[in-house]
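Asks:
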Amino acid sequence: MLSPCPFIQWGMDIVGPFPLATGQRKFLLVAIDYFTKWVEAEPQARITEGEVMKFIWKNIVCHFGIPREIISDNGRQFQDRRIQEWCQGLHIRQRFTTVAHPQVNGQVEVTNRILIQEIKRRLERVGRNWGRRTNQCHVGLQDNPQRVYGRNPFLTSIWH
Numbered sequence: 001m002l003s004p005c006p007f008i009q010w011g012m013d014i015v016g017p018f019p020l021a022t023g024q025r026k027f028l029l030v031a032i033d034y035f036t037k038w039v040e041a042e043p044q045a046r047i048t049e050g051e052v053m054k055f056i057w058k059n060i061v062c063h064f065g066i067p068r069e070i071i072s073d074n075g076r077q078f079q080d081r082r083i084q085e086w087c088q089g090l091h092i093r094q095r096f097t098t099v100a101h102p103q104v105n106g107q108v109e110v111t112n113r114i115l116i117q118e119i120k121r122r123l124e125r126v127g128r129n130w131g132r133r134t135n136q137c138h139v140g141l142q143d144n145p146q147r148v149y150g151r152n153p154f155l156t157s158i159w160h
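Next comes the structure, spelled out in structure tokens:
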């Protein structure tokens, strides 16, 4: 999936459940920008449409501006009437992957695999504190050069 410029097209997904972390968190809400490959991820106790809207506002809109499009699976948290109306109000187009073809949102699926590996590794070391360490997992992704541009997501976002 190609995006013409940074931070206008994001893929989102829910990962988990993981073993219960502090704060009853067991899911990870993940978003990735299709142009820069910038990752935002946040542990959640439960995933509702309200939590998804808060995540989008806090982690995408407040940092990068209002995106044109968000691609996600058909989960009820992404398709609820309330979130659809909220996205329409912000002029964010929602696009949903087909149930049998999650690879349409492939960039998110690849990122999820990396985050899952990192969380499993951290579970062995820190147990229930994995939720506090997710920033370290996705900050590490921000620093890795991407094959497409030969730069890490941060540099790609400022030098596109």
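Numbering (the UniProt record's numbering), first residue to last: 1 to 160. Where a beta carbon is used, it is the ideal one built from N, C-alpha and C, also for glycine.
Measure the Cβ-Cβ separation of G75 and I14 and say whether it is below 8 Å.
Replies: In contact: G75 and I14 (Cβ atoms closer than 8 Å).
Asks: State the Cα-Cα distance for the pair I92 and Q77, rounded to the nearest angstrom.
Replies: Near 16 Å, if we compare the C-alpha coordinates of Q77 and I92.
Asks: Could you give the uninterrupted runs of the beta strand (DSSP E) lying entirely in the region 35-101, keeping only those of 3 residues or more?
Replies: The qualifying runs are 39-44, 69-72 and 93-96.
Asks: Can you check whether the CB of I8 is closer than 8 Å to the CB of R81?
Replies: Cβ distance not < 8 Å, so R81 and I8 don't count as in contact.
Asks: Excluding the 5 residues flanking H138 on each side, which residues of the same chain have their C-beta closer than 6 Å to its C-beta?
Replies: In this predicted model, H138 has a pLDDT of only 49, less than 50, meaning its place in the structure is not dependable; the value taken from the coordinates is given anyway. Answer for H138: V39 and A41, listed in chain order.
Asks: List the endpoints of the continuous beta strand (DSSP E) containing F27.
Replies: F27 to D33 is the span of the beta strand (DSSP E), which, as asked, contains F27.
Asks: Is the beta carbon of R95 closer than 8 Å to that of I60?
Replies: No, the pair does not count as a contact, with Cβ atoms beyond the cut-off.
Asks: Tell me the DSSP secondary structure of G23 in three-state form.
Replies: Three-state DSSP puts G23 in a helix.
Asks: Give me the DSSP bridge partner(s) of Q117.
Replies: None, per the DSSP bridge assignment.
Asks: Look at the alpha carbon of Y34 and the alpha carbon of P6, and state the distance between them as a whole number of angstroms.
Replies: If I take the Cα positions, the gap works out to 8 Å.
Asks: Can you tell me whether DSSP reads H138 as helix, strand or coil?
Replies: At H138, the pLDDT of 49 sits below 50, so the modelled position is not reliable; the number obtained from the coordinates is stated separately. Residue state, collapsed to three classes: helix.
Asks: By the 10 Å Cβ neighbour count, where 16 or more other Cβ atoms means buried, how is A31 classified, buried or exposed?
Replies: Per the 10 Å Cβ criterion, buried.
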